[in-house]
């Protein structure tokens, strides 16, 4: 899963507290490396284990970390002022994780990562009907360019192979839209619950939902693969930590563009780990999405400065 799908949980920091931009950039680059490593590990595991089992392992370790690091000291953090919204947000993340795991199992690694970078563009589009934000025509043009980039990557896959394989190429776009809705739900929770409460709900909902399905999908993992499943949860927790450190060290407008280093890491993993060379259409689509996303970030920075 990309850093775009969780960066909304980091919150915003003031200019006074964000005084080390280079450290912030380093933390963001590291976060994206961890995210891509997590995705690569997921891809390896899905070759031997059902999607539900891999996702379950990820959420279960997340829950254990939440209880050990948060609830052990303050059980009150398990109570939410808006439980309905917490359940919706956590359900969206559970669905996103399942879709992402399916994509990582069947699609080229770089193609999936490139399409998922369209998340900030989709958030901009959805912020109008859901958050009632105003979006000018320039940002709408950027939204259209970003969506066109995603379609450029998706296009060659549709019409290739069986019907099931054709439709799987549309799943990353559905996952990206789900991720955008998840981030918007996170924004709506701002001020209602502390971050540890949200972190706990993420683990408990995902674990509960997937545990109900697990008996029908269970394959006993080897010790090595079991350790890899544990590492999925650990990497997820560590990536959250990196994101938080990035936003504490530097302003959001400084570190946000470095979310796109995700593509660099994904291409390196794709080429050297999975022996997948990105196609020309993938590179073109990724360039369109990146340009659109960076333009939206620049416009938001300009608006924030008045």
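Numbering (full-length UniProt numbering), first residue to last: 1 to 306. Quick reminder that beta carbons are idealized off the backbone N, C-alpha and C, glycines included.
Proximity below 9 Å, CB of residue i to CB of residue j
i: residue 147; j: residue 130; result: no
i: residue 286; j: residue 31; result: no
i: residue 105; j: residue 47; result: yes
i: residue 96; j: residue 188; result: no
i: residue 256; j: residue 27; result: no
i: residue 274; j: residue 43; result: yes
Reference residue i; option with closest CA among the options
i: residue 40; options: 188, 272 and 254; result: 272
i: residue 34; options: 236, 251 and 249; result: 236
i: residue 175; options: 93, 239 and 194; result: 93
i: residue 168; options: 102, 23 and 73; result: 102
Status (buried if at least 16 other CB within 10 Å, exposed otherwise) for residue i
i: residue 216; result: exposed
i: residue 211; result: exposed
i: residue 302; result: exposed
i: residue 224; result: exposed
i: residue 227; result: exposed
i: residue 202; result: buried
Close Cβ partners of residue i (< 6 Å) along its chain, the five nearest in sequence each way excluded
i: residue 261; result: 29 and 32
i: residue 98; result: 55
i: residue 207; result: 59, 60 and 63
Same chain, Cβ closer than 8 Å to residue i, neighbours up to 5 away in sequence not counted
i: residue 117; result: 2, 4, 259, 260, 262, 263, 286, 289, 290 and 293
i: residue 276; result: 108, 109, 110 and 270
i: residue 70; result: 77, 196, 199 and 200
Backbone CA spacing between residue i and residue j [nearest angstrom]
i: residue 78; j: residue 282; result: 43 Å
i: residue 133; j: residue 182; result: 17 Å
i: residue 158; j: residue 280; result: The predicted model places residue 158 with a pLDDT of 48, which falls under 50 and marks its position as unreliable; any figure quoted below should be read in that light. The alpha-carbon atoms of residue 158 and residue 280 are separated by roughly 16 Å.
i: residue 83; j: residue 190; result: 13 Å
i: residue 295; j: residue 52; result: 37 Å
i: residue 192; j: residue 278; result: 43 Å
i: residue 241; j: residue 248; result: 11 Å
i: residue 178; j: residue 194; result: 23 Å
i: residue 65; j: residue 81; result: 22 Å
Beta-carbon proximity list for residue i, same chain, < 7 Å, skipping 5 on both sides
i: residue 284; result: 152
i: residue 139; result: 124, 296 and 299
i: residue 50; result: 217 and 219
i: residue 265; result: 32, 33 and 36
i: residue 162; result: Low per-residue confidence applies at residue 162: pLDDT is 44, beneath 50, and the placement is therefore not dependable, though the value from the model is reported in the following sentence. Taken in chain order, the list of residues that qualify is empty.
Cutoff 9 Å: residue i Cβ touching any chain B Cβ
i: residue 113; result: Within the model displayed, chain B is absent; a lone protein chain is all it includes.
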